[in-house]
Amino acid sequence: MEITVGVNRYRCKAMQKCVQLMPGTFEMGAGYSKVTRGGFGEEDLALLRKVVASCPSRAISVHIEDDDDET
Amino acid sequence: MAIAGNTDSQQDQDEERVISVAIGPASDFAPGRVRIVVLAGDAILPADREIGVLQGQDGKWHAVRNLCPHRGGAVCRGRIRGTMLPTAPGSLDYALDGKILVCPWHQHEFDIETGECLFIDDRSWLVKYPVEVIDGEVRVRVTALGPASGDVSVEWRPELSPTEPAVQGVDSGAYE
Numbered sequence: 001m002e003i004t005v006g007v008n009r010y011r012c013k014a015m016q017k018c019v020q021l022m023p024g025t026f027e028m029g030a031g032y033s034k035v036t037r038g039g040f041g042e043e044d045l046a047l048l049r050k051v052v053a054s055c056p057s058r059a060i061s062v063h064i065e066d067d068d069d070e071t
Numbered sequence: 001m002a003i004a005g006n007t008d009s010q011q012d013q014d015e016e017r018v019i020s021v022a023i024g025p026a027s028d029f030a031p032g033r034v035r036i037v038v039l040a041g042d043a044i045l046p047a048d049r050e051i052g053v054l055q056g057q058d059g060k061w062h063a064v065r066n067l068c069p070h071r072g073g074a075v076c077r078g079r080i081r082g083t084m085l086p087t088a089p090g091s092l093d094y095a096l097d098g099k100i101l102v103c104p105w106h107q108h109e110f111d112i113e114t115g116e117c118l119f120i121d122d123r124s125w126l127v128k129y130p131v132e133v134i135d136g137e138v139r140v141r142v143t144a145l146g147p148a149s150g151d152v153s154v155e156w157r158p159e160l161s162p163t164e165p166a167v168q169g170v171d172s173g174a175y176e
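Following this line, the structure appears as C-alpha cells:
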C-alpha cells in the first residue's frame with residue numbers, strides 16, 4: 001500500500017489543525033501548511049482521516065494506492 | 001483510492017517566490033491601529049488577499065493575515081490591547097498593553113510580535129508577513145505562486161471607528 005499526502009496551497013488558509021493533530025507530519029510553511037515526511041503506512045490512516053476531516057478549507061488530500069491495483 | 005482529493009498536479013508544481021507589495025505611505029497609519037488592505041492579483045494566494053498592517057506603539061511594524069486560526073474570523077477587525085497575566089488568586093495583573101490583537105469573534109488573544117495565541121489549549125499562530133518601510137512607503141512581502149505576471153493592486157478597507165462594533169450585531173466593546 002502506498003499512501004501519498006498533499007496540501008493544496010491555493011486552498012490552505014493556515015488554520016493549522018493538521019499541524020496540531022500531526023505535528024511531525026505537517027508544518028507551517030510560508031503562509032500555508034506543508035507535508036514534511038513520507039513513508040506513510042496503514043498505522044497512519046486513522047489520524048490522516050481525522051486530519052482530512054478537520055481541515056476547514058478541505059486542502060488536504062490523501063491518495064491510497066493498493067498493491068493489488070498495480071498487478 | 002482517495003480519502004480526499006483536492007490537489008491539482010499543475011498547482012503543485014507552481015514555483016514559490018516572494019514579492020514586495022507597496023501598501024501605502026507610512027504617514028497614513030496611526031500607531032496602534034490596524035489597517036486592512038486587500039491585495040488582488042493572479043499570483044497572490046487566496047488566503048493572502050486580506051492583510052492587516054499596523055505600527056505598534058513601540059514603532060515596530062507588523063503585517064498579519066486577516067484570518068484567525070481558531071475559527072476563521074476576521075482577526076484584524078479586532079482591537080489591540082493588553083491581557084490579564086496568570087496571577088495568584090485575588091490579584092489581577094493587566095500587562096502587555098498595545099501588544100495583543102484580540103479576535104472579535106471569540107476573543108482569542110494573539111501576541112502581535114510573534115503571532116502566537118496566548119491560550120494554552122490552542123497552539124496556533126497568526127500568519128505574519130515581513131514589513132519594511134522604504135522612503136516613507138510601507139511594503140509587505142508575500143509569497144506568490146505561479147508564473148510571474150502583472151501587477152498587484154492594493155485596496156484599503158474602511159477603518160473602523162473606535163466605538164463601532166467589530167462584528168455586526170455584537171458590541172465587542174462590552175468585553176473590554
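So the protein sequences, as listed, match chains D and X.
Residue numbers 1 to 71, in this note's numbering, belong to the letters of the first sequence in order.
Residue numbers 1 to 176, in this note's numbering, belong to the letters of the second sequence in order.
Even for Gly, the Cβ is constructed at its ideal location relative to N, Cα and C.
Remember, it's a predicted structure, so these values are computed and weren't measured experimentally.
Interface flag, X:Ser20 vs chain A, CB-CB below 8 Å: Absent from the structure: chain A. Protein chains present are D and X.
Decide if X:Glu109 is buried, meaning its Cβ has at least 16 other Cβ atoms within 10 Å, or exposed. Counting C-beta atoms within 10 angstroms of its own C-beta, X:Glu109 has 16 or more neighbours from the protein chains shown and is therefore classed as buried.
Whose C-alpha, out of X:Gly32, X:Gly72, X:Gly59, X:Pro46, is nearest the C-alpha of X:Val142? X:Pro46
How about X:Trp191 and X:Gly24: do their beta carbons lie closer than 8 Å? In the structure as shown, chain X starts at 1 and stops at 176, and residue 191 of chain X therefore has no counterpart that could be examined.
Going by other Cβ atoms of all chains shown within 10 Å of its Cβ, with 16 needed for buried, is D:Val60 buried or exposed? According to the sequence shown, residue 60 of chain D is Ile rather than Val. Classification for D:Ile60: buried.
Is the beta carbon of X:Gly82 closer than 8 Å to that of X:Leu96? yes
Measuring alpha carbon to alpha carbon, tell me which residue in D:Cys55, D:Val35, D:Phe40, D:Val51 is nearest D:Glu65. D:Phe40
Does D:Ala46 come within less than 8 Å of chain X when only Cβ atoms are used? no
Measuring from the CB of D:Gly39, is there a heavy atom of the ligand NAD at a distance below 7 Å? The model depicted lacks the ligand NAD and carries no ligand whatsoever.
Beta-carbon neighbours of D:Arg37, restricted to chain X and to distances below 8 Å: None at all; the shortest Cβ gap to chain X is about 17 Å.
Could you check what DSSP says for X:Glu15 in three-state terms: helix, strand or coil? coil
Would you kindly check if the distance between the Cβ of X:Val131 and the Cβ of X:Glu37 is under 8 Å? The residue you asked about is not Glu; residue 37 of chain X is Val in the sequence shown. No, Cβ-Cβ distance for X:Val37 and X:Val131 is not below 8 Å.
By a C-beta neighbour count over all protein chains shown, 10 Å radius and 16 as the cutoff for buried, is X:Val48 buried or exposed? Sequence check: residue 48 of chain X is Asp here, not Val. X:Asp48 should be labelled buried.
Exposed unless 16 or more other CB atoms sit within 10 angstroms - verdict on D:Gly6: buried
With DSSP collapsed to three states, give me the class of D:Ala53. helix
Cut-off 8 Å between Cβ atoms - residues of its own chain near D:Arg11, not counting five sequence neighbours on either side: Ser57, Arg58, Ala59
Name the chain X residues that come within less than 7 Å of D:Met15, Cβ to Cβ? Pro69, Gly72
Alpha carbon to alpha carbon, what distance is there between X:Val18 and X:Gly173? Confidence is the limiting factor: at X:Gly173 the pLDDT is only 45, short of 50, which leaves the residue's position unreliable and the question unanswerable from this model.
Near D:Lys50, what residues of its chain come up, given a Cβ to Cβ distance below 7 Å and the 5 sequence neighbours on each side ignored? Leu21
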